[in-house]
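In terms of the working numbering, the sequence shown opens at residue 19 and continues consecutively. Take a look at the structure set out below.
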Amino acid sequence: MCDGGCNNNPLRKYIQALHCPTRWDIIRFIGKGKKSTKEIHGFLSKREEGVTQSGVYYHLSELKAAGIIEVAEYKEEGGGAPEKVWKLRTSKIEIDLLEEWK
Numbered sequence: 019m020c021d022g023g024c025n026n027n028p029l030r031k032y033i034q035a036l037h038c039p040t041r042w043d044i045i046r047f048i049g050k051g052k053k054s055t056k057e058i059h060g061f062l063s064k065r066e067e068g069v070t071q072s073g074v075y076y077h078l079s080e081l082k083a084a085g086i087i088e089v090a091e092y093k094e095e096g097g098g099a100p101e102k103v104w105k106l107r108t109s110k111i112e113i114d115l116l117e118e119w120k
C-alpha cells in the first residue's frame, strides 16, 4: 500500500513522459542529432493523422519536463520568433533502486 510518498517517486516523471507512443516517435526521430519543432511536426504529420502544432508543443514540453530532451539552439527564420531546435538530453535512463525517495 502506498504511504503517500508516491508523488515523489523518481520513476513517475518518466512514466508520464513515456506512456505515449507519439513521444517515443519523437525520441527516435531526434536520435543522436538535432531536429527543429517544424521538422518534428512534419515527421509526425506523415505518420499520424490530425497531429496539430499545439499537440507537438505539448509532447515536446512533457519530454523536456522529464529531462529527456532539451533545446539545443534557436533557428532564426523570417523575422518571427526563433524556432527551437531539440536534441536528446540523455539516451539512457538510470534509476538507483536503493536511493531514498524524498
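Don't be surprised by glycine CBs; every beta carbon is placed ideally from N, CA and C.
query: If you compare alpha carbons, which of Phe47, Cys38, Leu36 is closest to Val103?
result: Nearest C-alpha to Val103: Phe47.
query: If you compare alpha carbons, which of Val89, Ser63, Ile111 is closest to Lys31?
result: Ranked by Cα distance from Lys31, the options Val89, Ser63, Ile111 are led by Ile111.
query: From Gly60 to Ile45, what does the alpha carbon distance come to, in whole angstroms?
result: CA-CA distance, Gly60 to Ile45, rounds to 14 Å.
message: Can you find the residues in the same chain that come closer than 8 Å, C-beta to C-beta, to Gly85, ignoring five residues on each side of it along the sequence?
response: Shown here for Gly85: same chain residues with a beta carbon closer than 8 Å to its own, the five before and five after excluded, namely Lys31, Arg107, Thr108 in chain order.
query: DSSP puts Val103 in a beta bridge; with which residues?
result: Residue pairing of Val103 in beta bridges, as defined by DSSP: Ser54, Glu91.
message: Helix, strand or coil for Gly60? Go by DSSP, reduced to three states.
response: In the structure shown, Gly60 sits in a helix (DSSP, three-state: H, G or I).
Cβ neighbour criterion (16 or more within 10 Å) applied to His77: By the neighbour-count rule (16 or more Cβ atoms within 10 Å), His77 is buried.
query: Alpha carbon to alpha carbon, what distance is there between Asp114 and Ile58?
result: So the alpha carbons of these two residues sit roughly 32 Å apart.
query: Count the other CB atoms within 10 Å of the CB of Ile33; is the residue buried (16 or more) or exposed (fewer)?
result: Using a 10 angstroms sphere on the CB of Ile33, the tally of other CB atoms stays under 16, which defines it as exposed.
query: Do you know how far the Cα of Leu29 is from the Cα of Tyr75?
result: Straight-line measurement puts the Cα of Leu29 at about 23 Å from the Cα of Tyr75.
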